[in-house]
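Participant: So the sequences go chain by chain: A and B. Remember, the numbering used here sits 40 above the position in the first sequence when you count from 1. Remember, the numbering used here sits 1 above the position in the second sequence when you count from 1. Don't be surprised by glycine CBs; every beta carbon is placed ideally from N, CA and C. All of these numbers come straight from a predicted model, not from anything done at the bench.
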Amino acid sequence: MLKTLVKKQLFEVFKGYFYDAKKNKMRSKLAIAGWFVFFVLIVVGLLGGMFLALSMSLCAPMTEVGMDCLYFLIMGTISIFLGAFGSVYNCYTALYLSKDNDLLLALPIPVRTIVASRLLNVYLMGTMYLLTVMIPMELVYMIVTGVTVSKLICGLLLFFVISFFVLALSCVLGLAVAKISLKLKHKSFATVFITIVFIALYYVVYFKAGDIIRDILANAESYGERIKGAAYVLYLFGKIGTGDILCAVIFTAVMTAITVVIWKLLLKSFTSIATATGKVERIRYTEKTVRQKSVFGAVLFKEFARFTASPNYMLNCGLGILLLPALGVYMLLQGHVLLPQLKEAISDRPDCGIILLCTALCLMTAMIDTAAPSVSLEGKDLWILQSLPVKPAAVLRAKAMTQILLAGVPMLIACILSMIGTDFTISEKILLLVMPLMYVVFSALVNTVIAIKFPLLSWTNETEPIKHSGGVFISIMGSWIIVTLFALIYMFFGYEQSTTIYMLYWVVALLVLSLIMTAWLEKRGAAIFAEL
Amino acid sequence: MLEIKNLTKTYGEKKAVDDLSLSIQAGEIFGFIGHNGAGKSTTLKSVVGILQFDEGTITIDGISVKDDPVKYKKDLAYIPDNPDLYDYMSGIKYLNFIADVFGISATARKEKIKKYADLFEITNDLALPIAAYSHGMKQKLALISAWMHDPKLIIMDEPFVGLDPKSSHLLKEMMREHCDNGGAIFFSTHVLEVAEKLCDKVAIINHGKLIKVGTMDEVKGDDSLEDVFLELEAV
């Protein structure tokens, strides 16, 4: 039974890889393998490559001064953060918000099997990210210090300790989120607020990471001794990776005990939380005369209502809304200082400042992709729009417009602040406004095309279309590739002409592509939507 | 009012609806009965414009669902068998959304919402999110949204499922009143007693094919509708 449930859930997560919604049939084995190889390459290539570089920069200097345990402590902590960061919300939604909880609880399936299948799913997803840190960490260490049996055994036990610690942490925090959200009145915005605070902290640490690592490397011995003296548990944790069997066994035993306790806690609370309807504030309806909206206005309102109702949607597809003005404020305050420094640093491309600024602005737009999962999110409600006298093209226009407004307004603020904070020429300043705004429109249209080409309508948890669907993946990767190309082409070829001309080329190219996509959406896209 | 000619819809190899033709006139309550998987919902969804069909034509007062879907849909309302509505909206926001789509003026919608919400006794719950509604309350909300814009034709798939006896009774009265005022209703049901008492005309579908259609008296004669249905199913 457990195998069946896990298989069902993993199939839901990776449904797009197995099933071709367009042709309404399963993909061939070769196509499935191709999609998975692509996914692994991206995860291993991007995240794995990043942590391989970090491991290489830390391992040798630390092992040289005998601070191997500090190396494992740092890398282990990073892997815990990475694993837990993605797993807390995943654990909360998978355990308590899955739409098939009632159905499964009504079937003769033991509660422990349901919980185990959900947790195994969370564990596997968390472990996937965790391994992108742990594999480079172990590989680099073995290469630098040599392979021994005890190191191999301890490496495996360290993986067990960390992966189950991440799961335990995710379960406890997920349970806390579930209990709090049952009592919150405005849970969408509260969840978004709390998460943003965490993300802000994460970015503060991330931006200071370089200084922190340099400091640790310079004072590895002193930090190691301090940890040994003040936080002996952390010291012992670090010792596991170095091949200390005793530490490994102690931590494994403690972790097993913690896992058992949390397992019991979850089993005890699962049914009551998963089936609770939550606190619904008794709002008494008072008659009001509302202003009549146009059909397009009504559909646009619906899209905004969908966005603001879901913290999951807001966080995963709208984070750039906050980051763009933040970048604008930074440029307003630091632009005059930053750009001359940049000019000095990249002296053979002295005018690249505006290109890099536009790249940064567009990269943040990539973090606003509300249109990409918007068709999938219609889910079982799709019949409403299809049965109403609304042109399918108007629905798609509303989906694109929602993203344009959500990204366009913060982008406008960021551009205006950047224009004030920098010393570009008038023509450059105009293009600093036009090019990113044109990219906002282009990005919204691309995401709407993706939404209609890769719909995932049968989901049991909204995280699937928002976070795990092939469409969203293509949207984010595609945006990064296009924006990176914008910068790279300038650095290698485009610098021979003025930045104004180079940006103008891009504006025209984006405009032409946007017009082509608009025409496609109005005709072919609308026809596909009507046939979904 | 509604003309369905030679409707055929296939799912892969299987013909869900096979060369089905029927017409519904203004003033008629038209019942559509058949076993599970007979093709009732497929027919209704094709009529509403949710499903694209392979062959045939469907028109309301001469307007084709394929040629001018927006104009066609302005004259109809649809209530599916499972009213999945926008959970993230409140009841009143959903009704206003529907009213906006149908271009109902602010004053008119206020009156309609008050009238039907009072009838179904959910006025006090309109400010609540739909996610907090029971199945029956969602069904009532879907019914209000259907009646709100005075459609010519109302299509309903198992409309009585989930409704309490009082609301079921009210719905039957509303159906009759709608047809007496010149509208038409096309609905599917498994409750043959209801169909027998309520419908002016009835059609029986079996494995995608229409096997009997006509006025209630023509179809059942002196027998009960249940006997006729079971007899035809056995053939």
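How would you label arginine 254 of chain A, buried or exposed, when you count the other beta carbons within 10 angstroms and need 16 or more for buried?
Facilitator: So arginine 254 of chain A ends up on the exposed side.
Participant: Tell me where the alpha helix (DSSP H) around lysine 469 of chain A begins and ends.
Facilitator: Segment 466-493, the alpha helix (DSSP H) holding lysine 469 of chain A.
Participant: Find the residues of chain A that neighbour threonine 124 of chain B, judging by a C-beta separation of less than 8 Å, and give them in chain order.
Facilitator: Near threonine 124 of chain B (Cβ distances below 8 Å), the residues of chain A are Tyr325.
Participant: Helix or strand or just coil, what does DSSP make of proline 413 of chain A?
Facilitator: The answer is coil: DSSP assigns proline 413 of chain A none of H, G, I, E or B.
Participant: Would you say the stretch 409-420 of chain A touches the stretch 350-357 of chain A, given that touching needs at least three Cβ pairs under 8 Å?
Facilitator: Touching, per the Cβ criterion.
Participant: By the three-class DSSP mapping on this structure, what secondary structure does glutamate 56 of chain B have?
Facilitator: Correct three-state label for glutamate 56 of chain B: strand.
Participant: Roughly how many angstroms lie between the CA atoms of proline 84 of chain B and isoleucine 99 of chain B, to the nearest whole one?
Facilitator: Distance between the alpha carbons of proline 84 of chain B and isoleucine 99 of chain B: 14 Å.
Participant: From glycine 209 of chain B to glutamate 562 of chain A, what distance separates their C-alpha atoms?
Facilitator: Answer to the nearest angstrom: the Cα atoms are 34 Å apart.
Participant: With DSSP collapsed to three states, give me the class of methionine 66 of chain A.
Facilitator: It is a strand residue.
Participant: Would valine 105 of chain A be called buried (16 or more neighbouring beta carbons within 10 Å of its own) or exposed?
Facilitator: Its Cβ having fewer than 16 others within 10 Å, valine 105 of chain A is exposed.
Participant: Go ahead and pull the three-state DSSP assignment for glycine 186 of chain A.
Facilitator: Three-state result, glycine 186 of chain A: coil.
Participant: Which same chain residues, not among the five before or five after valine 481 of chain A, have their C-beta less than 7 Å away from its C-beta?
Facilitator: Taken in chain order, the residues that qualify are Ile444, Ser554.
Participant: Among A:Ser483, A:Thr462, A:Met404, which one has its Cα closest to the Cα of methionine 441 of chain A?
Facilitator: Nearest option by C-alpha distance: A:Ser483.
Participant: Check whether the stretch 273-283 of chain A and the stretch 176-192 of chain A touch, using three or more Cβ-Cβ pairs below 8 Å as the test.
Facilitator: Segments in contact, yes.
Participant: Taking C-alpha atoms, which residue in A:Tyr535, A:Asp140, A:Leu86 lies nearest to leucine 396 of chain A?
Facilitator: Measuring from the Cα of leucine 396 of chain A, the nearest candidate turns out to be A:Tyr535.
Participant: Quick check: the Cα distance between glutamate 234 of chain B and isoleucine 34 of chain B, rounded to an integer number of angstroms?
Facilitator: Roughly 11 Å between the two C-alpha positions.
Participant: Residues of the stretch 335-346 of chain A with a CB closer than 9 Å to any CB of chain B: list them in chain order, please.
Facilitator: Of all residues in the stretch 335-346 of chain A, Val335, Gly337, Ala338, Val339, Phe341, Lys342, Ala345, Arg346 have a Cβ within less than 9 Å of some Cβ in chain B.
Participant: Below 9 Å on C-beta distance, what does tryptophan 423 of chain A contact in chain B?
Facilitator: Within 9 Å Cβ-Cβ: Lys46, Val49, Ile51, Tyr79, Pro81, Asp85.
Participant: When burial is assigned at 16 or more other CB atoms within 10 Å of the CB, is arginine 331 of chain A buried or exposed?
Facilitator: Classification for arginine 331 of chain A: exposed.
Participant: Of all the options A:Ala288, A:Val512, A:Thr399, which has the alpha carbon lying nearest to the alpha carbon of phenylalanine 526 of chain A?
Facilitator: The shortest C-alpha separation from phenylalanine 526 of chain A is found at A:Thr399.
Participant: Assuming contact is defined by CB atoms lying nearer than 9 Å, are leucine 77 of chain B and leucine 199 of chain B in contact in what I supplied?
Facilitator: In this structure, leucine 199 of chain B does not lie closer than 9 Å to leucine 77 of chain B by Cβ.
Participant: Looking at chain B, is there any beta carbon in it that lies within less than 9 Å of the beta carbon of proline 429 of chain A?
Facilitator: Yes - at least one Cβ of chain B is within 9 Å of the one on proline 429 of chain A.
Participant: Go through the stretch 5-80 of chain B residue by residue and report every complete run of the alpha helix (DSSP H) that reaches 4 residues or more, in order.
Facilitator: With a minimum length of 4 residues, the continuous alpha helix (DSSP H) runs that stay inside the stretch 5-80 of chain B are 41-49, 70-75.
Participant: Between which two residues does the alpha helix (DSSP H) holding aspartate 101 of chain B run?
Facilitator: Segment 92-102, the alpha helix (DSSP H) holding aspartate 101 of chain B.
Participant: From isoleucine 236 of chain A to leucine 363 of chain A, what does the alpha carbon distance come to, in whole angstroms?
Facilitator: One C-alpha to the other measures close to 11 Å.
Participant: To which residues of the same chain is aspartate 20 of chain B closer than 6 Å at the C-beta, ignoring the five residues directly before and after it?
Facilitator: Here the set comprises Asn7, Thr9.
Participant: Rounded to whole angstroms, what is the Cα-Cα separation between threonine 540 of chain A and glutamine 374 of chain A?
Facilitator: Looking at the two C-alpha atoms, the distance is approximately 23 Å.
Participant: For methionine 557 of chain A, list the residues DSSP reports as bridge partners.
Facilitator: Methionine 557 of chain A is not bridged to any residue.
Participant: Would you say valine 18 of chain B lies against chain A (beta-carbon separation less than 9 Å)?
Facilitator: It does not: the Cβ of valine 18 of chain B has no partner Cβ on chain A nearer than 9 Å.
Participant: Give me the chain A residues within the contact set of lysine 41 of chain B, using Cβ-Cβ distance strictly less than 9 Å, ordered along the chain.
Facilitator: Those do not exist, as lysine 41 of chain B stays about 16 Å from chain A at its closest Cβ, beyond 9 Å.
Participant: Out of A:Gly510, A:Met451, A:His376, A:Phe204, which one is the CA nearest neighbour of valine 300 of chain A?
Facilitator: That would be A:Phe204, whose Cα lies nearest to the Cα of valine 300 of chain A.
Participant: Taking only beta-carbon atoms, is glycine 419 of chain A less than 9 Å away from chain B?
Facilitator: Taking Cβ atoms only, chain B reaches closer than 9 Å to glycine 419 of chain A, which makes this a yes.
Participant: Taking 9 Å as the CB-CB cut-off, is threonine 108 of chain B touching chain A?
Facilitator: Yes, threonine 108 of chain B counts as interfacial toward chain A.
Participant: Please state the DSSP three-state secondary structure of glycine 461 of chain A.
Facilitator: Glycine 461 of chain A: helix per DSSP, three-state reduction.
Participant: Here's a check: name, in chain order, each residue in its chain whose Cβ is nearer than 7 Å to the Cβ of alanine 208 of chain A, leaving out the five neighbours to either side.
Facilitator: Counting only Cβ-Cβ distances below 7 Å, and skipping sequence neighbours, we find Ile298, Thr299, Ile302.
Participant: Are the Cβ atoms of phenylalanine 291 of chain A and leucine 170 of chain A separated by less than 9 Å?
Facilitator: The answer is no: Cβ separation not under 9 Å.
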